Amino acid sequence: MAKEKVVLDGVAKEFATGRQRVVAVDGISLTIQAQEFACLLGPSGCGKSTVLNLVAGFEQPTRGQVTVNGTPVTRPGPDRAVVFQEPALFPWLSVLDNVTFGPKTQRQPAAVYQPLARRYVELVGLTGFEGHFPAELSGGMKQRVGIARVLVLQPEVLLMDEPFGALDAQTRTLMQELLLRVWEQGHQTVLFITHDVEEALLLADTVYVMTARPGQIKRRLAVELPRPRTIEETTSATFNALKREVLGLIREESLKAARA
Amino acid sequence: MNATTGVVPHAEPRPAPAGAPVAGPRPAQRLGLAVLLPLAFLALWAAAVRYRWLPEGIVPSPQQVVRSWYVWIVGTTGFTLSPYAGTWLDTVLFSGRRVLQGFALAALVGIPLGILIGWFRLVQNVVDPPIQMLRPIPITAWLPFSIAVFGIYDASALFLIGLGAFYPIVVNTTHGVRDTSRLLIRAARMLGASEATILFKVVFPSALPAIFTGLRLGVGIAWTAVIVAEIVAVKSGLGYVLWDAYYVSRMDICVAAMISVGLLGFVSDRLIHGISRRVLRWRTLEAHA
């Protein structure tokens with residue numbers, strides 16, 4: 000039986016900008032089961048990232064509650080690993096030191112984290128680059144370091160905030176395949192933020208389409224494509240039917256946003 | 000002219016035709032260009048003294064400065080009345096030690112304090128206003144106070160040097176800390192870092208480039224301060240010799256002392272710059288990326 004891993008219950012987040020109050024997201028309720036890959040899909044500015052920041056514990060909800068493993072989220076922690084849109088690597092640390100930053104700061108013995116670090120550096124295809132500084136890497140390579148440094152913590156929950164948004168199309172495809180491989184090995188509970196319909200459908204078990212601001216869940220869609228998936232999946236009939244449906248939903252929201 | 004083939008070209012016997020695109024001068028050429036104006040200035044100076052364009056007996060000739068400087072450094076074997084002969088190194092060491100001590104003091108207080116001001120709102124609200132209020136008082140204005148409190152001793156000089164170097168170090172460190180990327184702090188928290196780890200392993204390295212800027216500005220002020228302090232507050236070092244030589248009309252020694260301070264300031268700046276390039280190697284890579 001599946002276990003409820005990440006639960007958002009009537010979550011709203013308001014920001015105060017000067018004297019104005021902006022409602023970023025409102026009435027968000029969703030449940031991500033253990034080992035489920037969930038995608039939050041929506042137009043830019045709809046508050047997708049706000050939802051992720053609430054689960055990560057970077058921000059606190061104005062109303063409602065976020066629980067992970069049944070415990071309310073109060074602050075960030077390594078049980079909810081985050082891969083950011085920008086790689087957010089420590090520029091003064093080498094690739095290997097970036098990957099071992101988490102285990103070291105948690106006082107894990109080197110005997111434990113060294114083999115793990117080597118394993119994940121290899122998994123993301125960066126063997127031979129351990130001594131390089133982030134400045135010496137391409138955008139895709141940096142993002143792979145960003146993934147390896149959280150995998151080494153072996154998190155049960157993986158939060159990904161448009162991690163491939165800034166990459167070129169070819170690199171993005173490679174990274175999506177890499178992520179699918181990683182997920183097949185670890186079956187983490189994933190919350191993945193994106194505005195790319197194909198990306199959401201290729202990766203996710205469940206896609207939540209969001210409305211324009213204030214962000215709400217417009218529709219929940221189950222993506223019943225066989226696993227393990229490859230990039231070829233994006234040409235199947237099922238995939239295209241789903242894509243048409245999601246594009247229609249997104250288009251409604253974009254038009255609404257344009258009129259507002 | 001195989002600029003694109005990567006072959007190191009031999010010294011070009013003929014100058015490039017006028018109007019040809021400039022590919023950036025080679026190191027030897029750059030050195031030549033850099034000494035062009037100083038050499039012209041030296042020639043003008045020598046001529047001005049020799050042909051008496053300047054009031055006689057006040058400005059020494061460059062040759063005279065070099066001769067006196069030489070005697071000041073190595074001394075002479077013959078009989079001399081010059082009290083300076085052979086004392087240059089001692090003099091330089093006096094000043095150098097004061098700068099080093101005052102500067103180290105300033106860094107030791109300024110860097111940790113700057114980090115605390117930049118990171119903790121409470122420290123900022125309590126400590127920053129008085130610093131900003133005291134900062135506009137020039138260190139020269141502190142001279143009488145310093146001598147009254149510390150007397151004509153090293154302590155007086157160290158106070159002035161330390162105070163002068165302290166301001167740029169603390170201000171730049173504070174800025175560096177405040178400029179730490181929020182994303183990196185979030186990343187560190189997410190990876191399970193404690194507040195202390197964030198301060199030492201994220202905020203500090205992130206502020207290092209600004210800290211080095213502060214150190215470079217600070218060492219420059221330290222050399223200014225040591226001369227002022229030695230002119231007034233102590234009886235040794237380059238500043239003391241500079242002023243003393245003026246009183247006994249030894250302008251040759253004055254000029255040699257001026258050039259000595261300049262050289263030492265230049266060397267200490269290059270030293271810090273060199274260290275910063277090594278420590279901040281990740282940053283130079285970034286600049287070329």
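Chains as they are written, first to last, in numbering that gives the first Met the number 0: chain A, 0 to 259; chain B, 0 to 288.
Beta carbons are placed, not taken as given, at the ideal position from N, Cα and C, and that holds for glycine.
Here the structure is a predicted model, which is why all the values come from computation and not from measurement.
- Residue pairing from DSSP leaves residue 195 of chain A without any beta-bridge partner.
- With respect to chain A, the C-beta atom of residue 266 of chain B has no partner C-beta closer than 8 Å.
- Membership of residue 253 of chain B in any beta strand (DSSP E) is not indicated; the residue belongs instead to the alpha helix (DSSP H) covering 250–278.
- When Cβ-Cβ separations below 8 Å define contact, residue 55 of chain A makes contact with chain B.
- In summary, residue 132 of chain B is exposed, with fewer than 16 beta-carbon neighbours lying within 10 Å of its beta-carbon over all protein chains present.
- For residue 111 of chain A, no beta strand (DSSP E) segment is defined; the enclosing uninterrupted segment is the alpha helix (DSSP H) at 109–122.
- Under the Cβ distance rule, residue 140 of chain B does not count among the residues neighbouring chain A, no pair being separated by less than 8 Å.
- Scanning B/134, B/172, B/247 and B/190 for the CA closest to the CA of residue 107 of chain A turns up B/190.
- By alpha-carbon distance to residue 155 of chain B, the top candidate from B/69, B/231 and B/62 is B/231.
- Cβ-Cβ distances below 6 Å link residue 244 of chain B to 252 and 253 in the same chain, with the five nearest sequence neighbours on each side left out; the list follows chain order.
- Within the segment 102–116 of chain A, the residues whose Cβ lies closer than 8 Å to some Cβ of chain B are 104 and 105, listed in chain order.
- The three-state reading of DSSP puts residue 127 of chain B in helix, counting H, G and I together.
- Short of 8 Å from the beta carbon of residue 204 of chain A, and not among the five residues preceding or following it, lie these beta carbons of its own chain, in chain order: 35, 36, 37, 221 and 222.
- Contact annotation for residue 91 of chain A against chain B: 204 and 281 [CB-CB distance below 7 Å, chain order].
- Straight across, the Cα-Cα distance linking residue 202 of chain B with residue 210 of chain B is about 12 Å.
- Look at residue 61 of chain A here: in three-state DSSP terms it is coil, with no helix or strand label.
- A straight line joining the alpha-carbon of residue 211 of chain A with that of residue 40 of chain A spans about 11 Å.
- With contacts defined by Cβ atoms closer than 8 Å, residue 162 of chain A and residue 79 of chain A do not form a contacting pair.
- Chain B has a Cβ within less than 8 Å of the Cβ of residue 81 of chain A.
- Pairing residue 130 of chain A with residue 86 of chain A, the inter-Cα distance amounts to about 17 Å.
- When 7 Å is used as the limit between beta carbons, residue 132 of chain A is near these residues of chain B: 281 and 284, in chain order.
- Here residue 3 of chain A has 30 and 32 as same chain residues with Cβ atoms under 7 Å from its own Cβ, once five neighbours each way along the sequence are excluded.
- Contacts with chain A at 8 Å (Cβ-Cβ) do not include residue 179 of chain B.
- Listed along chain A, the residues sitting closer than 7 Å to residue 192 of chain B by beta-carbon distance are 104.
- Residue-level contact check: residue 185 of chain B touches chain A, since one or more beta carbons of chain A fall below 8 Å from its beta carbon.
- Counting along the chain, the unbroken alpha helix (DSSP H) around residue 168 of chain A starts and ends at 168–185.
- For residue 91 of chain B, the closest of B/40, B/162 and B/237 by C-alpha to C-alpha distance is B/237.
- For residue 196 of chain B, the nearest CB of chain A lies under 8 Å from its own CB, placing it at the interface with that chain.
- A direct Cα-to-Cα measurement between residue 192 of chain B and residue 52 of chain A gives close to 17 Å.
- With respect to the 8 Å criterion, residue 144 of chain A and residue 98 of chain A are classified as neighbours on the basis of their beta carbons.
- Between residue 225 of chain A and residue 189 of chain A, the alpha-carbon positions lie close to 18 Å from each other.
- Using beta-carbon distances, residue 100 of chain A counts as an interface residue toward chain B, with a partner under 8 Å.
- Here residue 160 of chain A has 48, 51, 83, 84 and 192 as same chain residues with Cβ atoms under 6 Å from its own Cβ, once five neighbours each way along the sequence are excluded.
- The Cβ of residue 60 of chain A sits no closer than 8 Å to any Cβ of chain B.
- Rounded to whole angstroms, the separation of the alpha carbons of residue 199 of chain B and residue 187 of chain B is 11 Å.
- Assigned with DSSP and collapsed to three states, residue 151 of chain B falls in coil, not helix or strand.
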